Structures are given as structure tokens and as C-alpha cells.
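Here's the structure we're looking at; comments come further down.
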Amino acid sequence: MNNDIVLTVIARLLIPLILLLALYVQFHGDFGPGGGFQAGVIFAAGIILYALTNGPQAAMRIMPPRVLTPLAALGVLLYGGVGITTMLLGGHFLNYDVLAHDAVHGQHSGILLIELGVGVTVASVMLVIFFAFITREP
Amino acid sequence: MFAATAIGILVVMALALARAFLGPTICDRILAVNMFGTKTVLLIAVYGFLTGRPDFLDIAITYALINFIGVIAVLKFVEGLADSERQPRPDEF
Amino acid sequence: MLYFLSLFAVLFGFWLLLSGLWDHGLLLGLGLISSAFVAWIGTRLERPGGDGFEPGMLLRLPRYLGWLLVAIVQANIDVVRRIWDPVAHPISPVTGRLPASQRTRLGKTLYANSITLTPGTVAIEVSDADVLVHALSREAFDDLAGGEMERRVLALECGAGHPAGHRDGEAQG
Amino acid sequence: MDLLLPPLFPDLLLDLLSMALLIGGVFLGISGAVGVIRFPDFYTRVHAAGVTDTLSAGMILAGLMLQAGFTLVTVKLAFILLFLWLTSPVASHALARAATHTGAKPVTATSGEPSSSN
Numbered sequence: 000m001n002n003d004i005v006l007t008v009i010a011r012l013l014i015p016l017i018l019l020l021a022l023y024v025q026f027h028g029d030f031g032p033g034g035g036f037q038a039g040v041i042f043a044a045g046i047i048l049y050a051l052t053n054g055p056q057a058a059m060r061i062m063p064p065r066v067l068t069p070l071a072a073l074g075v076l077l078y079g080g081v082g083i084t085t086m087l088l089g090g091h092f093l094n095y096d097v098l099a100h101d102a103v104h105g106q107h108s109g110i111l112l113i114e115l116g117v118g119v120t121v122a123s124v125m126l127v128i129f130f131a132f133i134t135r136e137p
Numbered sequence: 000m001f002a003a004t005a006i007g008i009l010v011v012m013a014l015a016l017a018r019a020f021l022g023p024t025i026c027d028r029i030l031a032v033n034m035f036g037t038k039t040v041l042l043i044a045v046y047g048f049l050t051g052r053p054d055f056l057d058i059a060i061t062y063a064l065i066n067f068i069g070v071i072a073v074l075k076f077v078e079g080l081a082d083s084e085r086q087p088r089p090d091e092f
Numbered sequence: 000m001l002y003f004l005s006l007f008a009v010l011f012g013f014w015l016l017l018s019g020l021w022d023h024g025l026l027l028g029l030g031l032i033s034s035a036f037v038a039w040i041g042t043r044l045e046r047p048g049g050d051g052f053e054p055g056m057l058l059r060l061p062r063y064l065g066w067l068l069v070a071i072v073q074a075n076i077d078v079v080r081r082i083w084d085p086v087a088h089p090i091s092p093v094t095g096r097l098p099a100s101q102r103t104r105l106g107k108t109l110y111a112n113s114i115t116l117t118p119g120t121v122a123i124e125v126s127d128a129d130v131l132v133h134a135l136s137r138e139a140f141d142d143l144a145g146g147e148m149e150r151r152v153l154a155l156e157c158g159a160g161h162p163a164g165h166r167d168g169e170a171q172g
Numbered sequence: 000m001d002l003l004l005p006p007l008f009p010d011l012l013l014d015l016l017s018m019a020l021l022i023g024g025v026f027l028g029i030s031g032a033v034g035v036i037r038f039p040d041f042y043t044r045v046h047a048a049g050v051t052d053t054l055s056a057g058m059i060l061a062g063l064m065l066q067a068g069f070t071l072v073t074v075k076l077a078f079i080l081l082f083l084w085l086t087s088p089v090a091s092h093a094l095a096r097a098a099t100h101t102g103a104k105p106v107t108a109t110s111g112e113p114s115s116s117n
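Residue numbers (numbering that gives the first Met the number 0), protein chains in the order written: chain A, 0 to 137; chain B, 0 to 92; chain C, 0 to 172; chain D, 0 to 117.
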């Protein structure tokens, strides 16, 4: 499949904006529509656009699968880790109130970490699946 | 006023869907779906105004970009399929 | 490094405009980190030949966009007339190659996108020297073949110092 | 939605202007959709879809911007417009290009030679 100038140039222009939009959605979960799951999908979509225009090899140089697989596990670990931490601090599983002195503040940081874990996992798993499909032997 | 605009956009979307069902080629359908997607972006924006919730605009921005990526992905697939079926490619008509 | 910094500035501006919560310290910090992270990814993306961007283009862009907007409105009116009144304004589809003298990939992209943005003409394939165009009517094709848009994109790309830019500046005022 | 309008713009005039833009945008959208339905082949339909993607979207978003006034809502609407106008020509171009790959030949009245123009 030969490449197209128009598509490559515009995708090159759009990809950083898409990735930043993903992180914006990630961190504004408390203020507007958004959260980890959507952010992960948007981030992965940005990388997938790069893979579509510049080829899967180029995309795998940006996001190497050997980094993605641990990242997918790290996201879950972060999620579980926050839950275990709250239990160690004397609360229920994922009871954020105990994370800080102030309950509201604790909830904020707890949700932020949880959402970060979700986002990292969703983005990595989507990309791993996408790379697995696009590089498979016919 | 916003309600009337939303209804107008819905009419456009219905017509686009009609073309998507009629076809006849795969590219006609993708064209109609792309048009449906851009109208969805506008509908989300207008709906945000209708309900007084400007938060919806974030979704509209996201949808505009995701719609584009989706159309490009499907097109790459169609193009690859067509190229693998017919080896010689016409560069002139 | 310069590329990283400019990309970082643009991305952080984008974040601020999207967010609108300028007094929220945590979000500002997260915005800085996010912008830096994405800018770092941006420096690792392929830039074939730099795509031909130069800062002077930003100064010349508004004038071109103003002209393009007028062209888009005119083209829309033309196509809408052909849709509602096919008897008085029949369609006569034309396909043909037109020269694209832009030097860089960015210039060619701008030209192709301008062709497609004006309804009535669509750029089908862009190659090194020319662009394959499908037009809804003979008039739209001839209008494009007149080369005003090509000259204007070239002037946008190369600046007024370029002979093509001069020709454009004097002919169209 | 709070309107932060400058005092020299009367509300009524602004409302009328934005209403005109919204009606015009919807009219252009319906025109484009009708064109997509009744144009004879794929390549001509791309032009009709172009009407709904460019000026129709622009007019509707401009009408909404007038309603929002000088707020961040306007900035976000401008972003939507920017992204739509950046991506829709690329999508149309890629569609037309993919159509040539699938072997669809455009209906042409005359062969297009730039030298034969005028």
C-alpha cells in the first residue's frame, strides 16, 4: 500500500493534538465527561492513526510492544495497589477517604490514580491487540 | 431555535443513512457514513446548547477526530482488499 | 530542541483553552507534564523532510484563509444551484491532471486540501508534479485550471520574495 | 449559558444573525444530502457531501458561536470547526483515492485537459 502525501502530513499534524486531547480527557474526569477508559481509547486511536499512515513498524518504534505489555499489567497493579493501600490504611477496598487527612482530598487523589491505572491499561491493551492483528501472518 | 436546528440535522442524517443503505458501491456507503459522522458532531454541539451543558463540546471534539480515524481505517482496509484482488492499478482513466 | 519547545508551547496552549480551569494548581501541573510527554512523543514521530514548515507561513496564512473562505462560499453556492436546479445548471463531470508546482509536501497538502475544501472539485491523487482532480462541472475545472489557487498556495509556501508570489501579489492586489 | 456580550451589540440583532446562520447551515446541509441522494455516481456525490462538510458545518458552528459570546465555549466550537475542516477534505480525498483503487470509473462528459480550457 503506497503512502499518500495528504494523509501523512495531516495525520502528522493531528496526532500530537489527539494524544493531548486523550490526556486532557484523562485528567478532567471529575469536571466534565471523561475518564480513564475513554482517554485510553483516544490515546490508542492516535497511535493507530500513526500506524495507518506510516506503517505498523514506525508505530511500534514509538510504542514498543515490549514496553506495552508491562504497562498493561502496571495499570492493573496501580488500580489494585490503591485498593490494597486503602485496606492497609484501615478502610475498605478502594475506600479513598483514608488516603489523605481530608476525606474529599483523599477521594480526589484516589480517583485520579485509579483512572490513571485504567487509562494506561486500556491504551496498552488496545495497542497490543491492534499490533497483534496488523502484524500477523496471513 | 436550537431544537429546529437539531431536527434539521436529523433530517440530513436520515438522508445520509438512506444513501448508506442504497449503496451501490462500498465507497458510497463509507461516504454516507462519514457524512453521518460529521453531522453527529454538529448534533452533539447543538444538543449541548439545547440542554445548556457546554461539556458536550468535549465529546464533539473527540467524536470529530475518532470519526476521521475510523473512516481512514476502513478505507485502508478497502483499498488493501481492492489492491490484492486486482494486481494492475489504473493510474489513468 | 526548538521543535520540542514550540510543540510544547502549542500543546500547553491547547490544554489551557480546553481546560478553562486556570486557577487549579493540580490540573495546571498535570497539563505541563502531559504537554511535555506528548511533545516528547512528537519529536519521535517521523518527519520526512521536515514537511517544509517555516514560521513565515503563519504570517501569510490569514490572508490566504480569507481568500479561501470566499472561494468556499462561492463554490458552495454553485454546487447548491446544481443540486436544486439541474435543468438550468446541469452537471458535467470532468477528470484531469493539473500541475502542482508546490515544492514541499506541506505545500502540496495545502493545495490538495484547498481543492477538496471547495465543493465542486476533489483532489483524487497527489503526485510529485501534478494532482488528479475530479470536478463536478467544466466551469469548476476550468476555474481551477486557471491556476489562481495554485499561485496563491505557492505564494503562501514561498513568501513574497518568490517570483510566483510577486505575480500573485500584483495581479490580485 | 451565560452570555458575555459587549454592550454595543443588541441581543436581538445577534439572535437574528445567529438564527440566519443556523437556518442557512441547515438548508445547505439538506441541499448536500439531497445531492448525495440524486447525483448519478460516486465521484459527483463526493462534491455534494463536501457542501454539508464545509459551509454547512461552518455556518451552524458560527451560529452557535454567536450565541455563546466571548467564552471558552466559543473556543471549543472553533476547535471543532478547525478539526472538521482539517479532516473532512482528507477523508474525501482518501475516499476518492480508494474508489480509484476499487476500479470505479467516474462518469465524464469530456476528457479533462487543462490546455483545452477556455
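Just so it is clear, CB atoms sit at the ideal spot from N, CA and C, and this is done for glycine as well.
Only a predicted model underlies this, so the values are computations on that prediction, with no experimental measurement involved.
- DSSP, reduced to helix, strand and coil, places residue 123(C) within a strand of the structure shown.
- Counting along the chain, residue 132(C) sits inside the beta strand (DSSP E) bounded by residues 129–134.
- One thing to note: residue 81(A) has its Cβ within 8 Å of the Cβ of residue 113(A).
- Contact of residue 6(A) with chain D by beta-carbon distance below 9 Å involves 89, 92, 93 and 96.
- Bounds of the alpha helix (DSSP H) holding residue 112(A) are 102–133.
- According to DSSP, residue 97(C) shares a beta bridge with 130(C).
- At the C-beta level, residue 77(D) and residue 41(D) stay beyond 8 Å of one another.
- If you draw a 10 Å sphere on the C-beta of residue 6(B), you find fewer than 16 other C-beta atoms in it, and that means exposed.
- Secondary structure in the segment 1–54 of chain D: the alpha helix (DSSP H) runs of 4 residues or longer, each lying completely within the stretch, are 10–37 and 41–50 in chain order.
- Your pair residue 27(B) and residue 44(D) checks out as a contact, with CB atoms roughly 7 Å apart and the cut at 8 Å.
- Around the beta carbon of residue 22(C), a 10 Å sphere encloses fewer than 16 other beta carbons of the protein chains shown; the residue is thus reported as exposed.
- Proximity of the segment 81–97 of chain C to the segment 133–140 of chain C meets the contact definition, three or more beta-carbon pairs being nearer than 8 Å.
- Using a Cβ-Cβ cut-off of 7 Å, residue 100(D) is close to 78, 81, 82 and 88 of chain B, given in chain order.
- Close to residue 37(C), with beta-carbon spacing below 8 Å, are these residues of chain A in chain order: 15, 18, 19 and 22.
- If you check the CB distance, residue 88(D) and residue 116(C) come in under 8 Å.
- Annotation: Cβ neighbours of residue 85(D) in chain A (cutoff 8 Å, chain order): 9, 12 and 13.
- Contact check for residue 45(A) against residue 21(A) passes: the beta carbons are separated by less than 8 Å.
- For residue 86(C), none of the residues of chain D pass the 8 Å Cβ criterion, the least Cβ distance being about 13 Å.
- Taking all protein chains shown into account, residue 118(C) has 16 or more neighbouring C-beta atoms within 10 Å of its C-beta and is therefore buried.
- Taking 8 Å as the cut-off, the Cβ atoms of residue 85(D) and residue 18(A) do not count as close.
- Identification of chain C residues near residue 27(A) by a Cβ-Cβ cut-off of 7 Å yields 18, ordered along the chain.
- Approximately 7 Å separates the beta-carbon atoms of residue 75(C) and residue 53(D); this is inside 8 Å, confirming the contact.
- Contact annotation: in the segment 36–50 of chain A, residues whose CB is within less than 7 Å of a CB in chain B are 41, 44, 47 and 48.
- Rounded to whole angstroms, residue 104(A) and residue 64(D) show a C-alpha spacing of 36 Å.
- Counting along the chain, no alpha helix (DSSP H) covers residue 102(C), and no H or E run does either.
- Taken through DSSP and simplified to helix, strand or coil, residue 54(A) comes out as coil.
- Residue 83(D) sits close to residue 63(B), with the two beta carbons spaced by under 8 Å.
- Close partners of residue 108(C) in chain A (Cβ separation under 7 Å): 4, 5, 8 and 9.
- The Cβ atoms of residue 4(A) and residue 150(C) do not sit closer than 8 Å to each other.
- Three or more pairs of CB atoms, one per stretch, sit closer than 8 Å, so the segment 68–88 of chain B contacts the segment 23–37 of chain B.
- Inclusion of residue 91(D) and residue 49(D) in the CB contact set at 8 Å is warranted, their separation being smaller than that value.
- Closest in C-alpha terms to residue 8(A), from the list 93(D), 58(D) and 33(D), comes 93(D).
- Taking every protein chain shown into account, the CB of residue 15(A) has 16 or more other CB atoms within 10 angstroms, so this residue is buried.
- Taking the Cβ atoms as the reference, residue 68(C) lies roughly 17 Å from residue 143(C), outside the contact range of under 8 Å.
- By alpha-carbon distance to residue 155(C), the top candidate from 77(C), 56(C) and 3(C) is 56(C).
- About 35 Å separates the Cβ atoms of residue 21(B) and residue 75(D), ruling out a contact at the 8 Å cut-off.
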